[in-house]
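As structure tokens, the structure follows; a few thoughts come after it.
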Amino acid sequence: MLDELADSVSGVKESVSELRESVSELRESVSEVKDSVEGLQLTAQALLQMAAQQQQENEARQVEIVEIRQRQEESDKRFEVLLSEVRHLIRQIKPDDHQSQS
Numbered sequence: 005m006l007d008e009l010a011d012s013v014s015g016v017k018e019s020v021s022e023l024r025e026s027v028s029e030l031r032e033s034v035s036e037v038k039d040s041v042e043g044l045q046l047t048a049q050a051l052l053q054m055a056a057q058q059q060q061e062n063e064a065r066q067v068e069i070v071e072i073r074q075r076q077e078e079s080d081k082r083f084e085v086l087l088s089e090v091r092h093l094i095r096q097i098k099p100d101d102h103q104s105q106s
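Using the working numbering, the first residue of the sequence shown is number 5, and each one after it goes up by one.
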């Protein structure tokens, strides 16, 4: 009976030892997961900052594009006015050329 009790105690000790080892491994795994999560959080924050910066740059480019288009429209209008004036001047000069040649 003492032998059986000793075997039981020995078995319990072995189980407790295995349990301690498992708990130790689990703690190590939890620590690694925690480190991984922290790394992912840092990466996510960096990506969010980059995305926000990219969005700001895109918005600034859109504003620039609108301004460039407005300037181009104004330039086109001025060109059309000048072209119209040149055509008008050419029409005024041409009749004079025809009269002087006659």
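The beta-carbon is built from N, C-alpha and C at its ideal position, and this holds for glycine as well.
The alpha-carbon of M54 is positioned some 58 Å away from that of G15.
The three-state reading of DSSP puts M5 in coil, since its state is none of H, G, I, E or B. The alpha-carbon of E29 is positioned some 26 Å away from that of L46. Here the alpha carbon of I94 sits roughly 12 Å from the alpha carbon of L86.
Counting only the Cα atoms, Q59 lies some 10 Å from L52.
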